[in-house]
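Novice: One structure is given below, represented as structure tokens, and several questions about it will come after.
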Amino acid sequence: MTLGDLNKQLIEILSTCLFVESPVTEVRLILSKLLKKTPSSFLGLSLQMEIDREVKEAAFQFVNERKNGRSVASILGFRDFYDLQFEVDDNVLIPRPETEFLVEYVLNLNIDKEIRVLDVGAGSGTICVTVAKHRPKWNVEALEVSEKAINILKRNVDSNNVNVNIIEKDFFNFEPAHSYDLILSNPPYIPTEDVMQLLARHDADDPMLALDGGSDGLIFYRELKEFAEKFLNIGGLLIMEHGFDQKKSMHEIFNSALLCVVQTLQDYAGLDRVTIVKKIG
Ligand SMILES: C[S@@+](CC[C@H](N)C(=O)[O-])C[C@H]1O[C@@H](n2cnc3c(N)ncnc32)[C@H](O)[C@@H]1O
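First residue of the sequence shown: 0, per numbering that gives the first Met the number 0; consecutive thereafter.
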């Protein structure tokens, strides 16, 4: 079979899936990986090129997995995030553009001195690895409970050549030995019932542990409030991603005697997405 025929057949398969927005782009990414080309150099290949049987079989297998709802990032095994590349698989949340927005805000704080930073629920390491790469003076720690996610996190720390101290612990039992200047988190924030529906409809193929924020989606934020009251330095910031409809709850949870909400920012799509809280007392 030629590359042209294979490309056409794969695009036809993905075109039948309503959730695939760009079958042409996704097939290009999958074939580039299998042919060991970058997506742009793939465009220079001759459509008459004969394709090996193994490549053809692997391509059909990937496309069928995609058709069954697996994300293209998890099929490819990597995802670009900010200006870095992250290994991903089914054990971590597939990095989202909304989280790049949080990272951009953090980097724009322009803090150019040694500070202590904690990323709660680090997953593949998108937040902690990217800030550590851009702010090498910061002491960055990453807290994660899932052993499988930690394996990926360690590889992303190594491949991006950064210094991040990984702590394998459950946040709900975490008592650090020191306090922090910045606490960052994109915690699980979807109500349990909605997660079940998302997974059943194949609208997400992330692990339950990365999505499930308890019955009202807010369980991690309540814990983050308690934690920041104890372990955030006065003047320090807690910066969190949350659901587009959770701004009101964030303000209710985080305005307390010791904490105050500085602002809630809207993401690139104009949705309430990141809330910044300051320790005031
Ligand atoms: C929404 S994901 C965010 C991953 C990553 N920070 C990102 O933004 O791409 C939340 C992460 O929190 C982790 N997590 C869930 N419960 C946890 C707990 N009790 N303690 C620590 N981490 C937890 C999950 O395993 C998952 O990796």
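C-beta atoms are modelled at their ideal positions from N, C-alpha and C, and glycine is treated no differently.
Tell me whether THR129 counts as near ligand 1, meaning its Cβ is closer than 7 Å to at least one heavy atom of that ligand.
Specialist: no
Novice: Quick one: Cα of VAL26 to Cα of ALA209, how far?
Specialist: As the crow flies, the alpha-carbon of VAL26 is around 27 Å from that of ALA209.
Novice: At what residues does the beta strand (DSSP E) containing CYS259 begin and finish?
Specialist: 258-265
Novice: Which partner residues does LEU236 have in the DSSP bridge list?
Specialist: Partner(s): LEU181, LYS277.
Novice: Under a Cβ-count criterion, where at least 16 other Cβ atoms within 10 Å of its own Cβ denotes burial, should ARG272 be classed as buried or exposed?
Specialist: buried
Novice: Would you call GLY124 buried or exposed, if buried means 16 or more other Cβ atoms sit within 10 Å of its Cβ?
Specialist: buried
Novice: Would the beta-carbon of GLY68 be found less than 7 Å away from any heavy atom of ligand 1?
Specialist: no
Novice: Along the chain, which unbroken stretches of the alpha helix (DSSP H) at least 4 residues long are found entirely within the segment 119-207?
Specialist: 125-133, 146-158, 191-199
Novice: Going by the C-beta, is SER73 closer than 7 Å to any heavy atom of ligand 1?
Specialist: Not under cutoff, so the answer is no.
Novice: Quick one: measure Cβ to Cβ for LEU106 and HIS133, integer angstroms, because I've assumed they're closer than 8 Å.
Specialist: 5 Å
Novice: Is THR274 near ligand 1, with its Cβ less than 7 Å from a heavy atom?
Specialist: no
Novice: In whole angstroms, give me the CA-to-CA distance for VAL276 and PHE173.
Specialist: 20 Å
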